[in-house]
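The opening position of the sequence shown corresponds to residue 1 in the UniProt record's numbering, with each subsequent residue numbered one higher.
Heads up, the beta-carbon is just placed ideally off N, CA and C, and yes, glycines get one too.
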Amino acid sequence: MGQLRLWGTTAAGSVITATADLPELHAWADWTLDNAFAGTSLTSLRIDACAYTAAGACLNDGTLLNASQFAVGTLSVSAVPEPSALAMLAGGLALLGAASRTRRLRNGGRA
């Protein structure tokens, strides 16, 4: 048996984990993360896989001829702007509007 494991460190410094058991070689295709990672801002993400003995010991010592390797086919990551970035954008747009209004008033209402 094997296992795919994910450890994520949140922006607050806490660690969240998720695991998926791999029942046998080539028998497993897709895994969708549960809500533990949904909407969470991570500063780091660690992904690994290991084949285990019946006692739970990891056999990642080279004797399995890379049987515990895995491939990530699709990993979707979306960037969400920080609230301060949105505030800076709004402030910049307000300054541009004020500058345009001031210029228009100086030119007698012409742009």
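Assuming residue i is part of the beta strand (DSSP E), what are its boundary residues?
i, result
"L59", "Where L59 is concerned, there is no enclosing beta strand (DSSP E), given that its DSSP letter is neither H nor E."
"G108", "That residue, G108, is in no beta strand (DSSP E); it is neither H nor E in DSSP."
Mapping the DSSP letters down to three states, classify residue i as helix, strand or coil.
i, result
"T19", "strand"
"T40", "coil"
"T10", "strand"
"L33", "coil"
Taking buried to mean at least 16 other C-beta atoms within 10 Å of its own C-beta, is residue i buried or exposed?
i, result
"L22", "buried"
"residue 115", "This structure cannot settle anything about residue 115, because the visible part of the chain is limited to 1 through 111."
Quick check on this structure: which residue in the options has the alpha carbon closest to the alpha carbon of residue i?
i, options, result
"S14", "F37, G2, L93, A20", "F37"
"T43", "A98, A11, L86", "A11"
"L6", "A94, A49, G97, P83", "A49"
"L45", "T32, A55, T17", "T17"
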